[in-house]
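Numbering (our numbering), first residue to last: 26 to 91.
Note that the Cβ used here is the ideal one computed from N, Cα and C, for glycine as well.
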Amino acid sequence: MRASSTASRVPAPPGATLRVYIERYEAAPDRLELPVADVLGPVVAVARELADIEAITGRAEPSVVT
């Protein structure tokens, strides 16, 4: 997780972008074609719980997913 803004201060100023990078190693070749959201869903759930992003930002969902 990383907060991005034009000002480099802590805490990040209002309007800063919070970037959350999620990845997972997958060794099983047959799982490589599964939908990313299905495979990473459990990892995303843990990240949401640990970071408490909704309570801090007031956002329940991301505005952009790439």
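Asked: Within 8 Å, do at least three Cβ pairs link the stretch 74-91 to the stretch 47-54?; Found: no
Asked: Assuming the contact rule is C-beta atoms closer than 8 Å, Ala64 and Ile47 should be a hit. Round their C-beta distance to whole Å, please.; Found: The identity of residue 64 in the sequence shown is Val, whereas the question assumes Ala. Not really, about 10 Å apart at Cβ, beyond 8 Å.
Asked: Please say whether Ala62 and Val45 have beta carbons closer to each other than 8 Å?; Found: no
Asked: Where do the ends of the alpha helix (DSSP H) carrying Thr82 lie?; Found: 78-82
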